[in-house]
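What follows is a short report on a single structure.
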Amino acid sequence: MTIPNSIQSAFLEQIRKRLRPNVSFADALADALSISRDSAYRRIRGETVLSLDEVKILCNQ
Numbered sequence: 433m434t435i436p437n438s439i440q441s442a443f444l445e446q447i448r449k450r451l452r453p454n455v456s457f458a459d460a461l462a463d464a465l466s467i468s469r470d471s472a473y474r475r476i477r478g479e480t481v482l483s484l485d486e487v488k489i490l491c492n493q
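With our numbering as the guide, the letters of the sequence shown map in order to residues 433 to 493.
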């Protein structure tokens with residue numbers, strides 16, 4: 433299930449805007465959440481919903 437215009441998409445876009453231009457968003461997300469790069473891409477595409485714990489981790493970064 434893809435969620436193109438969701439709260440998750442808007443949330444991840446705000447995080448992406450805070451990264452330096454030379455930093456891979458997928459790699460940064462994977463590192464922050466201790467998940468694989470593929471799992472990070474699934475969250476970015478909206479195929480996997482962020483858990484509340486993951487949102488909390490990202491908010492505290």
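Note that beta-carbon positions come from the ideal geometry of N, C-alpha and C, so glycine has one too.
Keep in mind that this is a model prediction, so the values were computed, not measured.
Sequence-distant residues of its chain with Cβ nearer than 8 Å to arginine 469 (five each side left out): Only Ala458, Asp459, Ala462 meet the Cβ criterion.
C-beta contact flag for alanine 464 and glutamine 493 at 8 Å: Judged by beta-carbon spacing, glutamine 493 lies within the 8 Å limit of alanine 464, meaning their Cβ atoms are closer than that value.
Collapsed DSSP secondary structure at glutamate 479 in the structure displayed: In the three-state DSSP reduction, glutamate 479 falls in the coil class, being neither helix nor strand.
Environment of alanine 472 [buried if 16+ CB atoms lie within 10 Å]: It counts as buried.
For serine 438 and glutamate 479, the rounded distance between their alpha carbons: The alpha-carbon atoms of glutamate 479 and serine 438 are separated by roughly 12 Å.
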